[in-house]
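J.:
Residue numbers (the numbering used here): 2 to 283.
Now the structure itself:
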């Protein structure tokens, strides 16, 4: 009798041990999937400008031959590609942790950015990004933000209103593209031609209005004085327009980006986000 009870107890113990092991294994698998980190060494930072529908681009002298005006259909194709292939759209905080603190990132991470904060960001990009549950950054020229919401004119480039900027913050983070230095002086970017103290005043005003510590250089151009200016203002990250990947060794105030133009094919796009695109040297 005691032998039978001993055998039954042993079987019960083994059964419990197997169940516990299975539960632990499943839990570990789920935990790892939810907290998947990669050893990703470089991040593609995508740079967009304006979006327009194909019908509004055709025969429009305002949009003719402009590489920085991407068709809405192409943009959606690209964002759908990211979603279908399970890419993770980073927040600026996540990206900052990677650059400054060498923190691990979720698998297949990418940072999506827009310069100039045009109305097409709100009308076209915002609903597409929201549809595919993607996050992005819009760098605004703060002096160009309108007080009133303007009627959308699809055949012209318009600036965002302050109201629209607020409405899209569930998808977009906002960075500075200067307050009033997105222009040229003697055919060169005003940021480069302006005295350092005046640059600091301009960017400080923009940062206060937008409540941001992230910056994008107008026209992607900068010099030693402009880097010093934003560093003294304690800007955390600044982005240029030089092609290339962001790595753990990137300078925080000189982050490279991939310009996604109207001529970027989906094959090129897929290689860029996969970290496999190489610049062809001429």
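Ideal placement from N, C-alpha and C gives every residue a C-beta, glycine not left out.
Fair warning: this is a prediction, and the values are worked out from it, not measured in the lab.
#1: Let me check one thing: in DSSP terms, what residues is residue 160 bridge-paired to?
#2: Please report how far the alpha carbon of residue 152 lies from the alpha carbon of residue 142, in whole angstroms.
#3: For a test of the three-state rule: what should DSSP assign to residue 270, helix, strand or coil?
#4: What is the DSSP secondary structure of residue 82, reduced to helix, strand or coil?
#5: Can you tell me whether residue 274 is buried or exposed? The criterion is at least 16 other CB atoms within 10 Å of its CB, across all chains shown.
#6: Would you mind reading off the limits of the beta strand (DSSP E) that contains residue 206?
#7: Less than 8 angstroms between the beta carbons of residue 234 and residue 211, yes or no?
#8: What does the alpha-carbon distance come out to for the pair residue 163 and residue 173?
#9: Quickly, what does DSSP pair residue 89 with across the bridge? List them, please.
#10: Which word fits residue 257, buried or exposed, when buried means at least 16 other C-beta atoms lie within 10 angstroms of its C-beta?
#11: Could you tell me if residue 179 is buried or exposed, where buried requires 16 or more neighbouring beta carbons within 10 angstroms of its beta carbon?
#12: With DSSP collapsed to three states, give me the class of residue 277.
#13: Is the stretch 242-251 touching the stretch 41-49 in the sense that three or more CB pairs, one from each, lie closer than 8 angstroms?
#14: Candidates 202, 195 and 184: which alpha carbon is nearest residue 226's?
T.: So, from the listed chains and residues:
#1: 119
#2: 20 angstroms
#3: helix
#4: helix
#5: buried
#6: Here residue 206 belongs to no beta strand (DSSP E); instead the alpha helix (DSSP H) covers 197-211.
#7: no
#8: 13 angstroms
#9: 110
#10: buried
#11: buried
#12: coil
#13: yes
#14: 195
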